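Notes follow once the structure below has been shown.
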Amino acid sequence: MRIDIWSDYACPFCYIGKRRLEHALSQFPDRDKVEIVFRSFQLDPNARTDETRDIHDILAAKYGMTRDKAIATNAQLAEQAQGVGLEFNFDTVQSTNTFDGHRLSHYAATKGKAPQMTERLLRAYFTDSLNLGDRKVLAELAAEVGLDQAETAAVLESDAYADQVNADIDAARLLNITGVPFFVFNNKYAVSGAQPGPVFTEVLDTVWAEEQNTPVLQVVGKPQSKAEDADGCDDGSCSI
11 MRIDIWSDYA CPFCYIGKRR LEHALSQFPD RDKVEIVFRS FQLDPNARTD ETRDIHDILA
71 AKYGMTRDKA IATNAQLAEQ AQGVGLEFNF DTVQSTNTFD GHRLSHYAAT KGKAPQMTER
131 LLRAYFTDSL NLGDRKVLAE LAAEVGLDQA ETAAVLESDA YADQVNADID AARLLNITGV
191 PFFVFNNKYA VSGAQPGPVF TEVLDTVWAE EQNTPVLQVV GKPQSKAEDA DGCDDGSCSI
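Written out as structure tokens, the structure reads:
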């Protein structure tokens with residue numbers, strides 16, 4: 011079974027959804043036969059790498075809300091993250107452009123380090139408050155997961171893997187993906203947003219049974235109710 015996951019490192023629900031899928035996989039008997047492929051997506055391709063506003067002011071300006079409302083919204087989202095064992099530090103998050111981070115993840119994939127790199131980049135953004143638009147920071151993070159720091163720095167100073175990032179974004183456009191996380195199972199079943207764990211369990215069982223030629227009901231979960239969250243995030247996903 012193959013799962014393609016479109017996500018962005020600045021998307022809080024992408025991190026939450028990743029954890030929920032991982033929990034479902036930990037209880038899936040055939041998890042060793044599941045291949046996960048991380049695909050690039052940018053919520054804000056025009057984001058600056060030298061942004062001086064904090065995430066609360068950015069959210070307030072984007073959605074026409076007060077700063078206090080933005081702080082409260084982010085606090086609610088941090089509570090959701092805590093529910094899956096994650097720590098979100100919105101007060102110190104460094105908003106930035108994630109394109110180089112996505113290039114790094116594609117490079118890491120060539121070295122067999124995509125899962126480790128993806129996890130480290132998400133934690134760097136939401137928990138460690140590091141600037142993913144800083145190539146020096148990215149090279150240091152790459153070294154932490156076992157990549158050569160000097161080689162990574164050279165890759166980042168070039169335009170290497172930009173085509174791969176753009177190809178993922180183009181593929182998302184063809185699939186009409188406008189929000190992330192977005193999970194595609196065997197190029198047939200899709201799960202949009204950070205759905206509850208049982209939804210992932212259901213679709214895993216459905217796809218696996220189909221692969222074994224066992225007829226099953228092809229229903230993989232009901233939509234969540236609307237809830238206002240941070241950075242254009244609702245229904246458990248973040249949109250452009």
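11 is the number of the first residue of the sequence shown in our numbering; add one for each residue after it. Just so it is clear, CB atoms sit at the ideal spot from N, CA and C, and this is done for glycine as well. Remember, it's a predicted structure, so these values are computed and weren't measured experimentally.
Assigned with DSSP and collapsed to three states, Gly207 falls in helix. A residue is called buried once 16 or more other Cβ atoms fall within 10 Å of its Cβ, and Lys28 is buried on that count. For the pair Pro55 and Asn186, the Cα-to-Cα distance works out to about 17 angstroms. The C-alpha of Met11 lies about 6 angstroms from the C-alpha of Asn196. For Arg77, the enclosing alpha helix (DSSP H) starts and ends at 77-92.
With a 10 Å radius around the Cβ and a threshold of 16 neighbouring Cβ atoms, Ile81 comes out buried. Contact between Val165 and Tyr117 holds: their C-beta atoms lie close to 5 angstroms from each other, under 8 angstroms. In this structure, the straight-line span from the alpha carbon of Gln37 to that of Leu87 is close to 26 angstroms.
The beta-carbon separation of Leu69 and Thr83, rounded to 7 angstroms, stays under the 8 angstroms limit for a contact.
For Glu45, the three-state secondary structure derived from DSSP is strand.
Taking the CA atoms as reference points, Phe23 sits about 26 angstroms from Thr120.
In the assembly as shown, Ile15 is a buried residue. Its beta-carbon has 16 or more other beta-carbons within 10 Å. For Ser36, the enclosing alpha helix (DSSP H) has its first and last residue at 22-36. In chain order, Phe48, Ser115 place their CB closer than 7 angstroms to the CB of Thr128, counting only its own chain and leaving out the 5 sequence neighbours on each side. In the DSSP secondary-structure assignment, Asp14 is bridged to Val47, Val194. Rounded to the nearest whole angstrom, the C-alpha separation of Asp169 and Thr108 is 14 angstroms.
Less than 8 angstroms separates the beta-carbon of Trp218 from that of Asp40.
A direct Cα-to-Cα measurement between His66 and Arg77 gives close to 6 angstroms. A Cβ-Cβ separation of about 4 angstroms places Ser247 in contact with Gly203 under the 8 angstroms criterion.
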